[in-house]
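All remarks here apply to the structure that follows.
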Amino acid sequence: MEIIAGGVTAAKGFLAAAAEAGIKYQNRKDMALVYSDTPCRAAGVFTSNVVKAAPVLWDQRVVKNSWEAQAVVINSGIANACTGKLGDEYCWETARETADALNIEADSVLIASTGVIGMQLPIAKLTAGVRSLAKLLAGGEEAGTQAAQAIMTTDTRSKQAAVRVTIGGREVTVGGMCKGSGMIHPNMCTMLAFVTTDVNISRELLQEALSEDVKDTFNMISVDGDTSTNDTLLVLANGQAQNPEITEKNVDYEIFVQALHYVNEELAKKIAGDGEGATALFEAHVIHADTKEHAKTLAKSVITSSLTKAAIFGHDANWGRILCALGYAGVNFDPNRIELYLESEAGKILIFRDGMAADYSEEEATRILSCSEVTALVDMKMGEAEATAWGCDLSYDYVKINADYRS
Numbered sequence: 009m010e011i012i013a014g015g016v017t018a019a020k021g022f023l024a025a026a027a028e029a030g031i032k033y034q035n036r037k038d039m040a041l042v043y044s045d046t047p048c049r050a051a052g053v054f055t056s057n058v059v060k061a062a063p064v065l066w067d068q069r070v071v072k073n074s075w076e077a078q079a080v081v082i083n084s085g086i087a088n089a090c091t092g093k094l095g096d097e098y099c100w101e102t103a104r105e106t107a108d109a110l111n112i113e114a115d116s117v118l119i120a121s122t123g124v125i126g127m128q129l130p131i132a133k134l135t136a137g138v139r140s141l142a143k144l145l146a147g148g149e150e151a152g153t154q155a156a157q158a159i160m161t162t163d164t165r166s167k168q169a170a171v172r173v174t175i176g177g178r179e180v181t182v183g184g185m186c187k188g189s190g191m192i193h194p195n196m197c198t199m200l201a202f203v204t205t206d207v208n209i210s211r212e213l214l215q216e217a218l219s220e221d222v223k224d225t226f227n228m229i230s231v232d233g234d235t236s237t238n239d240t241l242l243v244l245a246n247g248q249a250q251n252p253e254i255t256e257k258n259v260d261y262e263i264f265v266q267a268l269h270y271v272n273e274e275l276a277k278k279i280a281g282d283g284e285g286a287t288a289l290f291e292a293h294v295i296h297a298d299t300k301e302h303a304k305t306l307a308k309s310v311i312t313s314s315l316t317k318a319a320i321f322g323h324d325a326n327w328g329r330i331l332c333a334l335g336y337a338g339v340n341f342d343p344n345r346i347e348l349y350l351e352s353e354a355g356k357i358l359i360f361r362d363g364m365a366a367d368y369s370e371e372e373a374t375r376i377l378s379c380s381e382v383t384a385l386v387d388m389k390m391g392e393a394e395a396t397a398w399g400c401d402l403s404y405d406y407v408k409i410n411a412d413y414r415s
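In the numbering used here, the protein residues as written are 9 to 415.
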């Protein structure tokens with residue numbers, strides 16, 4: 009696997025564009041278009057929230073009922089959630105305008121929105137933005153980067169990842185972009201993510217690969233415990249790599265799954281590390297658990313603990329908070345057996361074992377916790393299962409950002 013620069017335009021045949029439509033923000037690009045010059049097989053995973061935004065419902069229908077997809081239109085600023093029949097109609101108008109501009113079918117257009125819930129989209133601005141985007145489509149890294157920047161809301165930086173592998177003697181590329189900073193919680197999060205690939209794979213296996221991989225990537229992150237109305241993760245595969253079509257779970261399928269996993273995990277970690285007001289990516293790695301499900305539950309419990317997140321922000325090795333979060337996770341274990349470590353690029357330190365604090369230096373622990381990426385390593389000493397979850401610290405700025413988000 010070769011890690012390469014780029015995002016949604018890294019794979020063959022994919023173009024992107026960004027434009028300033030004035031949806032909510034001023035003097036910044038707030039719409040993006042991703043387009044394949046040939047039809048794609050599409051797969052998707054969406055929010056588990058019962059309250060689903062109009063674009064989520066639209067995309068679910070397209071992924072389920074349309075054999076081909078070719079374009080994704082994304083706007084930031086307004087979520088088109090809780091907008092009634094008018095919100096549904098605006099999805100149709102957006103798809104129809106995009107289809108006309110690109111000379112494709114309306115039911116091959118996917119739509120995503122992110123931003124404030126409850127506001128109606130200014131549809132005239134949206135459709136005008138679509139027409140502008142169609143004229144600006146381009147390949148290359150810069151076009152992909154501009155698209156990644158245009159979909160941001162409270163994000164502080166754009167998020168992209170791409171890799172290249174060999175499948176069936178052909179060079180295959182998988183690339184993606186995402187946005188997400190707040191209203192992020194396991195079981196899909198206000199996250200939008202778009203992955204493009206030139207692999208030739210059946211629609212059924214593409215969906216299965218995505219549905220399985222999301223369990224260990226995007227569903228293992230949390231910022232604030234709120235599952236959004238708009239979570240959307242889409243994968244488009246146009247087959248332009250011309251590898252023999254993957255129709256069964258063979259070696260070629262496994263190579264593709266590994267590439268997809270890398271891109272998804274990198275994007276997921278970028279979301280967690282850019283949580284609203286965050287200063288650090290906080291990782292919980294649970295090893296030697298009795299089952300994979302228990303390992304995942306324990307890891308999630310640690311990274312979603314508000315008290316632990318606050319301690320990470322304060323660079324305080326308050327291991328009691330981590331033990332507490334493990335204890336209420338709903339998994340039975342012996343606290344006297346586990347070991348707890350803190351680590352970062354500054355080093356690794358044992359802080360708890362044999363049911364009590366280890367003999368460690370608070371100064372060294374603070375130095376380790378002062379890095380931009382921090383890991384709590386929990387050794388359960390129960391079995392061979394492991395899991396990793398990602399979150400961020402909890403700073404003063406989280407409240408500031410969300411107290412006046414609508415204004």
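Glycine included, every Cβ here is placed at the ideal spot set by N, Cα and C.
In this text the structure is predicted, and so the values were computed from the model without any measurement.
Collapsed DSSP secondary structure at residue i in the structure displayed
i      : result
Glu150 : helix
Ile125 : coil
Ala13  : coil
Trp66  : helix
His269 : helix
Lys187 : strand
Met196 : Annotation note: pLDDT 49 at Met196 (below 50); position unreliable, no value reported.
Leu23  : strand
Asp387 : strand
Asp163 : coil
Asp401 : coil
Cys99  : helix
Gln34  : coil
Asp206 : coil
Glu76  : coil
Glu212 : helix
His302 : helix
Ala297 : strand
Residue j beta carbon less than 8 Å from that of residue i
i      : j      : result
Leu145 : Leu41  : yes
Val265 : His302 : no
Thr287 : Ser403 : yes
Gly399 : Thr312 : yes
Ala120 : Ala142 : no
Lys133 : Thr161 : no
Gln157 : Lys37  : yes
Leu347 : Asp387 : The identity of residue 347 in the sequence shown is Glu, whereas the question assumes Leu. In this structure, Asp387 lies closer than 8 Å to Glu347 by Cβ.
Ala333 : Thr316 : yes
Gly137 : Ala29  : yes
Met228 : Gly15  : no
Cys99  : Ala245 : no
Reference residue i; option with closest CA among the options
i      : options                        : result
Ser236 : Glu372, Ala89, Ile12           : Ala89
Ser378 : Ala366, Glu220, Lys356         : Lys356
Gly177 : Ala217, Asn251, Thr240, Phe321 : Asn251
Val259 : Gly285, Asn227, Ile209         : Ile209
Asp367 : Glu262, Leu358, Val59          : Leu358
Asp282 : Val243, Leu331, Ser380, Ala325 : Ser380
Ala318 : Lys304, Asp362, Leu289         : Leu289
Met127 : Ala25, Phe341, Ser84           : Ser84
Thr374 : Ala325, Ala114, Arg139, Ile254 : Ala325
Thr204 : Ala170, Val64, Lys60, Gln68    : Ala170
Met364 : Trp327, Arg69, Gly391, Ala50   : Trp327
Gln168 : Gly152, Val243, Glu179         : Gly152
Alpha carbon of residue i to alpha carbon of residue j, nearest angstrom
i      : j      : result
Ala18  : Asn272 : 15 Å
Phe8   : Glu370 : Since the first residue shown for the chain is 9 and the last is 415, residue 8 is missing from the structure and cannot be characterised.
Ala201 : Leu275 : 8 Å
Gly95  : Ile125 : 11 Å
Tyr336 : Pro343 : 12 Å
Thr102 : Lys20  : 26 Å
Gly322 : Lys277 : 21 Å
Ile330 : Val310 : 6 Å
His293 : Thr225 : 13 Å
Lys223 : Ala77  : 24 Å
Asp206 : Thr46  : 10 Å
Val382 : Ser314 : 16 Å
Asp115 : Glu105 : 12 Å
Arg69  : Val53  : 12 Å
Asp67  : Leu118 : 6 Å
Val182 : Gly285 : 30 Å
Residue i: CB within 7 Å of a non-hydrogen atom of the ligand FAD
i      : result
Ala217 : Within the structure as shown, the ligand FAD is missing, as the structure has no ligands at all.
Proximity test, Cβ basis, 8 Å: residue i and chain C
i     : result
Glu10 : No chain C is part of this structure, which consists of one protein chain only.
### Query
Which residue spans inside the region 335-372 form an unbroken beta strand (DSSP E) run of at least 3?
Every beta strand (DSSP E) stretch that sits fully inside the region 335-372 and reaches 3 residues is listed by chain position as 347-352, 355-361.
### Query
Where are the alpha helix (DSSP H) runs, 4 residues long or more, that stay fully inside the region 214-283, in chain order?
For the region 214-283, the full-length alpha helix (DSSP H) segments reaching 4 residues or more read 259-281 along the chain.
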